[in-house]
Amino acid sequence: MEPILLTAEEEGLRLDLFLASRLEEVTRSAAQKLLEEGRVVCSGTSLQKKDRTRPGAVYEIHLPDPVPLDVIPQNLPLDIRLEDEDLVVINKPVGMVVHPAPGHPDGTLVNALLHHCGSSLSGINGVLRPGIVHRIDRDTSGLIIVAKNDAAHLSLAEQLQDHSLYREYRAVCVGGLREEAGTISAPIARHRTHRKKMAIDREGRPAVTHWKVLEPLGRYTYLQCRLETGRTHQIRVHLASIGHPLLGDVVYGSPKPWPGLAGQCLHAGRLTFRHPRTGALCTVEAENPPWFEDVLTKLRKQV
């Protein structure tokens, strides 16, 4: 992998902590194992976990060859909102991970899709992410579109790229907004010290979120959000950046979870796209799940 250049803020850190913060999906224990195996090198010398970062140092990380996960089909329930020979649109529940990853080897949407679709999934994203055109977070519910063949995948990916694939979310954020609608345009990148988070960063990739107030709820606001781009955690990061984090978001907002919520109050409720084979305009909608409506009911009673 590319060498890692130390920043001034990172000087003096234990190497295992430094690596865990810099390497996505690498825990501190995994970083310690890399050090124990001599896979972390600086100026030609292998380092140990007790070593600390030094000013001006450049670290070379020699990651072991990845061991492919055995992705097995699993008969898991799927809420299918549209399906044909080219694609399937799923209403994903809260708590379901989209594709297998360290810590989540099974029980994912991909496991369920392999059982439901068999070999009829696009192979563009490889064994671990077959057919996956875009993702939504584990603790976000709602619509996700999956391609059954490579031609469909390429067409849908192009629509994502040129922003013609319309993705609308409903959310509850903390605080009241002064305007009825607005746009947040701020680039997003991996957080420079907390590598499992995203952050506003002028060197990041462009990100644009359009929002509209659906209902003021006292100390909270029910919103509609439309993604123009699709960066990781985009809505969560953008709303937190203007002082209105999502209700229940313990990563970018409150340090305590909201009672009755598994995560952030965010639901992908509408997709509009051109069908990859026919060119027809398709719109798929998913109503708010019961847990989302329960939150709205409770907040309305407090107003």
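For the sequence shown, the positions run 769 to 1071 when my numbering is used.
In this text, a Cβ means the ideal position worked out from N, Cα and C, and glycines have one as well.
Remember, it's a predicted structure, so these values are computed and weren't measured experimentally.
Residue i versus residue j: straight-line alpha-carbon distance, rounded
i       : j       : result
ARG1068 : LEU985  : 6 Å
THR1040 : GLN992  : 15 Å
HIS978  : GLY871  : 33 Å
ILE858  : GLY944  : 32 Å
ILE912  : ARG960  : 29 Å
PRO1013 : PRO1027 : 16 Å
ILE968  : ALA1008 : 10 Å
PRO868  : ASN879  : 8 Å
GLU947  : ALA920  : 39 Å
LEU1015 : VAL809  : 43 Å
VAL942  : SER789  : 28 Å
GLU936  : CYS1033 : 14 Å
ASN843  : LEU933  : 30 Å
THR951  : SER811  : 47 Å
PRO1023 : LYS818  : 31 Å
ILE772  : GLU804  : 18 Å
GLY824  : PRO873  : 38 Å
VAL976  : TYR827  : 34 Å
LEU781  : LEU787  : 10 Å
GLU983  : ILE1010 : 18 Å
THR1046 : PRO1025 : 44 Å
PRO1058 : LYS1066 : 12 Å
ASN1056 : GLN1002 : 20 Å
LYS980  : PRO841  : 40 Å
ALA799  : LEU791  : 9 Å
PRO974  : ARG994  : 15 Å
ARG897  : ASP918  : 13 Å
ASP1062 : GLU778  : 44 Å
Under 9 Å between C-beta atoms of residue i and residue j
i       : j       : result
VAL895  : LEU877  : no
ASP907  : GLY863  : yes
HIS931  : GLU996  : yes
ALA1036 : ARG1042 : no
VAL1052 : ARG822  : no
LEU831  : LEU785  : no
ILE954  : HIS1006 : The displayed chain sequence assigns Ala, not Ile, to residue 954. For ALA954 and HIS1006, yes; Cβs fall inside 9 Å.
GLY1031 : ASP905  : yes
TYR1020 : ARG1004 : yes
ALA925  : ILE956  : no
LEU881  : VAL856  : yes
GLY972  : LEU928  : no
LEU922  : PRO1044 : yes
Expected contact under 8 Å - CB spacing of residue i and residue j to nearest Å
i       : j      : result
LEU889  : LYS916 : 6 Å
ARG820  : LEU783 : 7 Å
ALA1054 : GLY910 : 6 Å
Nearest residue (CA-CA) to residue i, options the options
i       : options                            : result
HIS883  : ALA920, GLU851, VAL839, LEU911     : VAL839
GLU853  : HIS902, CYS1033, GLY806, GLY886    : GLY886
HIS902  : CYS941, SER909, VAL914             : VAL914
LEU1064 : LEU1029, ALA1054, PRO1044          : LEU1029
ARG963  : THR989, VAL940, THR1000            : THR1000
VAL1071 : ARG987, PRO1023, ARG1045, ILE1003  : ARG987
ARG1038 : PRO1044, CYS1050, THR1046, ARG1045 : CYS1050
ALA939  : GLN927, GLY1011, PHE1060, THR813   : PHE1060
ARG970  : ARG958, ASN1056, VAL981            : ARG958
THR813  : PRO841, ALA798, ILE829, GLN800     : ILE829
ASP1017 : ARG994, PRO974, LYS965             : LYS965
Length at least 3, wholly inside the segment 783 to 813: the beta strand (DSSP E) runs in chain order: Whole beta strand (DSSP E) segments, 3+ residues: 808 to 810.
Suppose only complete runs of 3+ residues qualify. What are the beta strand (DSSP E) ranges in the segment 831 to 882, listed by chain order? The DSSP assignment places 848 to 851, 855 to 860 as complete runs of the beta strand (DSSP E) inside the segment 831 to 882, in order along the chain (cut-off: 3 residues).
3 or more residues per run - each beta strand (DSSP E) lying fully within the segment 932 to 1010: Runs found: 934 to 942, 949 to 953, 956 to 958, 966 to 968, 976 to 985, 988 to 995.
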